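Quick note: to get our numbering, add 468 to the position in the sequence shown (first position is 1). Every residue, glycine too, gets a C-beta built ideally from N, C-alpha and C. Bear in mind that the values here come from a model prediction, so they are computed numbers and not experimental data.
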Amino acid sequence: MGRKAEQEPPPSDAETAEHMRTLAELFVEHTREDGYAFDWDPAFIHHLDNYCAEFVASKPPPEVIHSVIMGAGAYLGEMIVRNGDWKWVYCTDEKAAAVESPEELRGYPHNKVAKRIHEGNEHNLEAFFKYAMTGEAPHGTIARVSKPSWWQRLRSRA
């Protein structure tokens with residue numbers, strides 16, 4: 469009889485934060501080698517949308533797309549963490565890294581980057597960043613707010 473493979477426990481929020489910070493820094497470093505100048509100044513977040521547009525136009529293979537989604541998503545999330553009161557968390561429901569506000573709003577920067585790459589300009593990364601910083605959806609955009617259910621918020625306070 470075969471035994472079920474034991475699943476590893478999900479990463480802690482601290483482990484998630486460290487991993488995302490490392491991925492974001494690698495993204496900045498590797499894109500610099502390609503001639504891009506990403507840094508941690510929010511005034512230049514629009515360069516991430518430009519980068520994604522140029523990346524898609526180059527028609528990269530799927531494994532490269534996945535790699536860029538992971539790096540650019542980590543960068544977008546780390547920009548939110550470094551420039552706001554947000555923190556990295558691991559969402560067990562989504563099995564993904566997320567950024568979380570003090571009000572327990574969650575954003576999924578990797579998902580947003582994936583949508584930007586696969587679906588186009590309507591998934592504007594600068595607008596996502598600005599919404600996280602201000603709480604106001606930029607003109608012409610729609611923000612969907614979903615909080616964890618009341619029982620999940622209660623459990624996290626225990």
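Just curious, the alpha helix (DSSP H) that residue i is in, first and last residue?
i	result
A542	530 to 551
A521	514 to 525
Y599	593 to 602
E474	Where E474 is concerned, there is no enclosing alpha helix (DSSP H), given that its DSSP letter is neither H nor E.
Suppose the cutoff is 7 Å on Cβ atoms and the five residues either side in sequence are ignored; what does the same chain contact list for residue i look like?
i	result
M488	A542, G545, E546, W556, A565
Roughly how many angstroms lie between the CA atoms of residue i and residue j, to the nearest whole one?
i	j	result
T602	S526	33 Å
E483	Y558	9 Å
D509	D561	32 Å
L516	E590	14 Å
V524	A605	26 Å
Q504	H514	This sequence places Tyr at residue 504; Gln is not what is there. When rounded, the distance between both Cα atoms is 12 Å.
F597	F512	11 Å
M469	V581	Low local confidence applies: a pLDDT of 46 at M469 is under 50, so the model's placement there is unreliable, with the coordinate-based value given in what follows. Approximately 43 Å between the Cα atoms of the pair.
I548	V536	18 Å
For the beta strand (DSSP E) containing residue i, list its first residue and its last residue.
i	result
E568	564 to 568
Y576	Element bounds for Y576: n/a, residue is neither H nor E.
Quick check on residue i: buried or exposed, where buried means 16 or more other Cβ atoms within 10 Å of its Cβ?
i	result
T499	buried
P577	buried
G588	exposed
N592	buried
Quick one: what's got a C-beta closer than 6 Å to residue i's C-beta in the same chain, skipping five residues either side?
i	result
V496	F506
Are the C-beta atoms of residue i and some chain B residue less than 8 Å apart?
i	result
T490	Looking for chain B here will not work: only one protein chain is present.
Classify residue i as helix, strand or coil using the three-state DSSP reduction.
i	result
D481	helix
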